[in-house]
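Residue numbers (the numbering used here): 28 to 312.
All C-beta atoms in this analysis are idealised placements derived from N, C-alpha and C, irrespective of residue type, glycine included.
None of the values given here were measured: they were computed from a predicted structure.
Below is one structure, written out as structure tokens, with a few remarks after it.
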Amino acid sequence: MPLAAPTWMRSLLPRRFRKAAPRVAVVRLSGAIGAVSPIRPGLSIATVAPSLERAFAGPDVAAVALIINSPGGSPVQSHLIFRRIRALAAEKKVKVFAFVEDAAASGGYMIACAADEIVADPASLVGSIGVVSAGFGFDRLIERIGIERRVHTQGEAKAMLDPFRPENPQDIARLKEIQADVQALFTGLVRERRPTLTADRDLFTGAVWTGRQALDLGLVDALGDLRGTLRERYGEDVELRLIAETRGSWLARLLRRAGPGQTAELPDALIAAVEERAAWARFGL
Numbered sequence: 028m029p030l031a032a033p034t035w036m037r038s039l040l041p042r043r044f045r046k047a048a049p050r051v052a053v054v055r056l057s058g059a060i061g062a063v064s065p066i067r068p069g070l071s072i073a074t075v076a077p078s079l080e081r082a083f084a085g086p087d088v089a090a091v092a093l094i095i096n097s098p099g100g101s102p103v104q105s106h107l108i109f110r111r112i113r114a115l116a117a118e119k120k121v122k123v124f125a126f127v128e129d130a131a132a133s134g135g136y137m138i139a140c141a142a143d144e145i146v147a148d149p150a151s152l153v154g155s156i157g158v159v160s161a162g163f164g165f166d167r168l169i170e171r172i173g174i175e176r177r178v179h180t181q182g183e184a185k186a187m188l189d190p191f192r193p194e195n196p197q198d199i200a201r202l203k204e205i206q207a208d209v210q211a212l213f214t215g216l217v218r219e220r221r222p223t224l225t226a227d228r229d230l231f232t233g234a235v236w237t238g239r240q241a242l243d244l245g246l247v248d249a250l251g252d253l254r255g256t257l258r259e260r261y262g263e264d265v266e267l268r269l270i271a272e273t274r275g276s277w278l279a280r281l282l283r284r285a286g287p288g289q290t291a292e293l294p295d296a297l298i299a300a301v302e303e304r305a306a307w308a309r310f311g312l
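Pasting the structure below:
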């Protein structure tokens with residue numbers, strides 16, 4: 028029976044003679060969801076779709092790993108990102124892992140539910156399955172300083188929840204109806220994707236739990252980190268390929284804003300390559 032060559036010896040062989048190492052594409056999803064601005068882009072379907080497409084389209088990808096660090100945000104953008112991940116996973120028949128860093132809360136947890144397995148750090152914050160709407164009321168302030176609020180609408184609900192007018196009980200009732208509908212979508216999605224949820228706890232109050240608590244409740248599947256988990260699953264020689272963010276980092280903006288005859292004329296492919304190397308450095312692999 029032929030003996031297998033040691034790992035150090037195989038590394039000396041030309042690539043065409045080596046057995047290909049399993050490849051896992053890694054996508055970082057970090058920040059508030061839907062909070063898109065020139066200073067802090069945030070997460071939205073427009074900003075993350077290119078990275079997701081590249082991750083699932085990679086040659087011989089054994090799995091896609093999502094690194095999630097988000098407190099949540101827009102329910103619409105969260106759901107759109109969730110649906111895109113599930114559509115790509117079904118189309119490419121690729122397994123998806125979610126690795127929670129500091130938090131996968133609210134919309135961040137919705138996105139994590141797109142994974143086939145969720146892995147969290149013991150101290151991660153997980154959950155916050157709920158819907159919130161918050162604001163301020165300035166009606167007594169403007170009355171005190173002598174300002175009169177004038178609003179003219181076509182449609183009784185057009186100025187609903189105007190912060191410069193006293194709260195209207197009908198507006199609050201309508202808001203509660205909207206929140207309940209969004210909450211029903213959220214809870215239904217979680218129940219469908221997490222069939223092992225603990226039944227004796229009400230998980231849909233908006234509360235958060237640590238990673239260790241979330242494991243007992245069925246909100247996550249395991250405790251650990253990306254590198255250790257994927258080496259355990261795919262072997263010590265697993266190749267982790269970080270997909271650089273394409274939403275426009277500070278480096279890309281700097282290069283593209285340079286004056287005539289300077290680095291702004293660099294091709295997009297070169298800019299993407301530089302960004303990918305910078306992403307590897309940030310990732311620390």
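Tell me the DSSP secondary structure of residue i in three-state form.
| i | result |
| --- | --- |
| Phe124 | strand |
| Ala59 | coil |
| Gly157 | coil |
| Val178 | coil |
| Ala47 | coil |
| Leu93 | strand |
| Gly238 | helix |
| Ile145 | strand |
| Val53 | strand |
| Leu373 | Because the chain in this structure spans residues 28 to 312, residue 373 falls outside the shown range and cannot be described. |
| Glu263 | coil |
| Gly134 | helix |
| Ala184 | coil |
| Val88 | strand |
| Asp198 | helix |
| Gly100 | strand |
| Ala246 | The residue asked about is misnamed: residue 246 is Leu in this sequence, not Ala. Three-state result, Leu246: coil. |
| Asp129 | strand |
| Leu224 | coil |
Straight-line CA distance for residue i to residue j?
| i | j | result |
| --- | --- | --- |
| Phe163 | Glu194 | 11 Å |
| Glu128 | Arg268 | 18 Å |
| Ser101 | Leu212 | 13 Å |
| Tyr136 | Pro196 | 32 Å |
| Ile138 | Gly262 | 27 Å |
| Arg260 | Phe191 | 57 Å |
| Leu224 | Leu242 | 9 Å |
| Ile199 | Asp189 | 11 Å |
| Glu144 | Val123 | 7 Å |
| Ala142 | Val153 | 14 Å |
| Leu244 | Val158 | 20 Å |
| Glu204 | Leu257 | 43 Å |
| Gly69 | Ala59 | 5 Å |
| Glu183 | Ala234 | 35 Å |
| Trp236 | Gly134 | 15 Å |
| Leu246 | Gly255 | 20 Å |
| Ser57 | Ile172 | 42 Å |
| Trp277 | Phe165 | Bear in mind that the predicted position of Trp277 carries a pLDDT of just 49, short of 50, making it too unreliable to give a figure here. |
| Val208 | Ile174 | The identity of residue 208 in the sequence shown is Asp, whereas the question assumes Val. Those two C-alpha atoms are separated by around 37 Å. |
| Gly61 | Arg167 | 31 Å |
Going by beta carbon distance, what residues of the same chain come within less than 7 Å of residue i, once the five residues before and after it are set aside?
| i | result |
| --- | --- |
| Ile344 | Look at the range of the chain in this structure, 28 to 312, and you will see that residue 344 is not part of it. |
| Lys119 | Phe83 |
| Cys140 | Phe109, Leu216, Val217, Arg220 and Arg221 |
| Thr180 | Ala186 |
| Gln240 | none |
Whose C-beta lies closer than 6 Å to the C-beta of residue i among residues of the same chain, with five residues either side of it excluded?
| i | result |
| --- | --- |
| Phe231 | Ile156 and Thr214 |
| Ile94 | Arg55 and Phe126 |
| Gly85 | Ala52 |
| Arg81 | Ile270 |
| Asp248 | Glu144 and Ile145 |
| Asp229 | none |
Are residue i and residue j close, meaning C-beta to C-beta below 9 Å?
| i | j | result |
| --- | --- | --- |
| Gln206 | Ser160 | yes |
| Leu250 | Val146 | yes |
| Asp87 | Arg50 | yes |
| Ser151 | Gly238 | yes |
| Gly99 | Ala132 | yes |
| Val75 | Ala116 | no |
| Pro130 | Val265 | The displayed chain sequence assigns Ala, not Pro, to residue 130. The answer is no: Cβ separation not under 9 Å. |
Assuming the contact rule is C-beta atoms closer than 8 Å, residue i and residue j should be a hit. Round their C-beta distance to whole Å, please.
| i | j | result |
| --- | --- | --- |
| Arg177 | Ile169 | Actually they are not in contact, since the Cβ atoms of Arg177 and Ile169 sit about 11 Å apart, beyond 8 Å. |
In its own chain, which residues sit with a C-beta less than 8 Å from the C-beta of residue i, not counting the 5 before and 5 after it?
| i | result |
| --- | --- |
| Ser252 | Looking at the sequence shown, residue 252 is not Ser but Asp. Counting only Cβ-Cβ distances below 8 Å, and skipping sequence neighbours, we find Phe126, Val146 and Asp148. |
| Leu202 | Ser160, Met187 and Leu188 |
Can we count residue i as close to the ligand GTP, meaning its CB is less than 8 Å from some heavy atom?
| i | result |
| --- | --- |
| Ala52 | Because no ligand of any kind appears in the structure shown, any question about the ligand GTP cannot be addressed here. |
Taking only beta-carbon atoms, is residue i less than 9 Å away from chain D?
| i | result |
| --- | --- |
| Arg218 | This model lacks chain D altogether, as it is built from one protein chain only. |
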